[in-house]
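Going by full-length UniProt numbering, the first residue of the sequence shown is number 1, and it counts up by one from there.
Below is one structure, written out as structure tokens; comments come after it.
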Amino acid sequence: MGEAIFVGTIIPLFFLAIILKGEQRLLILFFTWGLIAFAISLTLNNALVRHFQINTQQLSTTWAPIIEEFTKALPLGYFLFKSEKKIPIVYFGIAAGIGFSIQENYVYLLGHMHESGSPVPFIITRSVTTCLIHGTTTGIVGFGLSIARQLNGIIWPLLFGLYTVAVTIHALYNLYIYSSYQSIGLFMPLFLYLIGFAVLNIKEDKGREKD
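In structure tokens, the structure reads:
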């Protein structure tokens, strides 16, 4: 069923990408990549569980954040070859992260379908926690890449540093969710999202003032 949902979602998105143009098409393609990134990450994570005999909780705070943040952010390398400096890379990172989280929600929903009670509260909780974490962490990498391009700085060390930050935030979130401090994990994504939203608005306001 999971494979059917994946195929049934990704094919219409590709048809939508064909008729769109410019940044709209690119945004949909990054969102679509998020779904693909989840499939790749799930395959790698499952392989680690089988070969190293670790449980899901151990995986979520060790290898999973490393793998998932790398696969989500991978297509952001496309912007290293673009000469235009004012491309809003952060939004493409967020799109990839949200696409990843939606596909992940499908899998979790299928896993809880046979439980008693409505799955709606469960999915709503994931939509304002895990979805925001995936979108925010990939957005952080995109934001750093856009800053590095504008400053003509040394891109690779900065990208590695921001990738490390994204992995750390992701691992901390998973750690809190599985601990007695679960409430911190539940509010952490929304807090980071609001901070990011404020930073982007300030940056856009300053950009308009310069223009």
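We put the CB at the ideal spot given by N, CA and C, even for glycine.
Only a predicted model underlies this, so the values are computations on that prediction, with no experimental measurement involved.
Worksheet item: Ends of the alpha helix (DSSP H) at phenylalanine 79?
Response: Unbroken run through phenylalanine 79: none, as it is neither H nor E.
Discussion item. Can you tell me whether glutamine 24 is buried or exposed? The criterion is at least 16 other CB atoms within 10 Å of its CB, across all chains shown.
Written reply: exposed
Worksheet item: Can you name the start and end residues of the alpha helix (DSSP H) that histidine 112 belongs to?
Response: Element bounds for histidine 112: n/a, residue is neither H nor E.
Worksheet item: Is the beta carbon of alanine 148 sitting closer than 8 angstroms to the one on leucine 158?
Response: Yes, the pair counts as a contact, with Cβ atoms nearer than the cut-off.
Worksheet item: Is the distance from the Cβ of alanine 96 to the Cβ of proline 119 below 8 angstroms?
Response: no
Fill in: Helix, strand or coil at isoleucine 54 according to DSSP, with G and I counted as helix
Three-state DSSP puts isoleucine 54 in coil, outside helix and strand.
Worksheet item: From glycine 142 to isoleucine 28, what does the alpha carbon distance come to, in whole angstroms?
Response: 16 angstroms
Worksheet entry | Environment of glycine 22 [buried if 16+ CB atoms lie within 10 Å] | exposed
Worksheet item: Whose C-beta lies closer than 6 angstroms to the C-beta of glutamate 104 among residues of the same chain, with five residues either side of it excluded?
Response: Phe38
Worksheet item: Taking phenylalanine 36 as the reference, which of Ile19, Phe122, Phe6, Ile54 has the closest Cα?
Response: Note that residue 36 is isoleucine in the sequence shown here, rather than phenylalanine. In this structure, Phe6 is the residue among Ile19, Phe122, Phe6, Ile54 with its C-alpha nearest to the C-alpha of isoleucine 36.
Worksheet item: Residue range of the alpha helix (DSSP H) that serine 127 falls in?
Response: 120-127
Worksheet item: Anyone know if the C-beta pair for leucine 145 and phenylalanine 79 falls short of 8 angstroms?
Response: yes
Worksheet item: Mind checking asparagine 46: buried by the 16 CB within 10 Å criterion, or exposed?
Response: exposed
Item to complete: Determine the extent of the alpha helix (DSSP H) in which proline 157 is found, giving its start and end residues.
Response: Counting along the chain, the unbroken alpha helix (DSSP H) around proline 157 starts and ends at 155-177.
Worksheet item: Should isoleucine 195 go down as buried or exposed, given a rule of 16 or more other Cβ atoms within 10 Å for buried?
Response: exposed
Practice prompt. Answer yes if the region 177-189 comes into contact with the region 119-129, meaning at least three C-beta pairs across the two stretches below 8 angstroms, and no otherwise.
Written response: yes
Worksheet entry | N-terminal and C-terminal residue of the alpha helix (DSSP H) that glycine 139 is part of | Segment 130-151, the alpha helix (DSSP H) holding glycine 139.
Worksheet item: For the alpha helix (DSSP H) that isoleucine 87 lies in, which residues bound it at each end?
Response: Taken as a continuous stretch (DSSP letters only), isoleucine 87 belongs to no alpha helix (DSSP H), as it is neither H nor E.
Worksheet item: Is tryptophan 33 buried or exposed, if buried means 16 or more other CB atoms sit within 10 Å of its CB?
Response: Tryptophan 33 should be labelled buried.
Discussion item. What would DSSP say about glycine 22, mapped onto helix, strand or coil?
Written reply: Secondary structure at glycine 22: helix, using DSSP grouped into helix, strand and coil.
Worksheet item: Between threonine 71 and the rest of its own chain, which residues show a CB-CB distance below 6 angstroms, the 5 nearest in sequence each way excluded?
Response: Ala37, Ile40, Ser41
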